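Student: I'd like to ask some things about the structure below.
Residue numbers (this note's numbering): 4 to 68.
Below, the structure written as structure tokens:
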């Protein structure tokens, strides 16, 4: 998984990003943060449930955004 300057906007407000992040095969990560920090939105992009508003997300060789 590779995120490059990924942002997510909802209701005219940027709620996530910009995030640049790479997860290589075999790596494990934990996502921590306070309520409203964008953890669920980040996971939704990683799961290809939503697409980023800006930037590019590549998940399993599929390009989103």
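Ideal Cβ placement from N, Cα and C applies to all residues, glycine included.
Note that this is a predicted model, so its numbers are computed, not measured.
(1) If you count every other CB in all the chains shown that lies within 10 Å of the CB of residue 26, and 16 or more means buried, which is it?
(2) Check whether the region 33-41 touches the region 51-60, taking contact to mean three or more Cβ pairs, one atom from each stretch, closer than 8 Å.
(3) So, with DSSP's three-state summary, where would you put residue 43?
(4) Reducing DSSP to helix, strand and coil, say where residue 50 ends up.
(5) Any idea what DSSP makes of residue 28, helix, strand or coil?
Tutor: The answer reads as follows:
(1) Residue 26 is classed as exposed because its beta carbon has fewer than 16 other beta carbons within 10 Å across all chains shown.
(2) Taking a cut-off of 8 Å on C-beta distances, the region 33-41 does not touch the region 51-60, as fewer than three cross pairs fall below it.
(3) If DSSP states are grouped into helix, strand and coil, residue 43 belongs with the helices.
(4) Correct three-state label for residue 50: coil.
(5) Coil at residue 28, not helix or strand.
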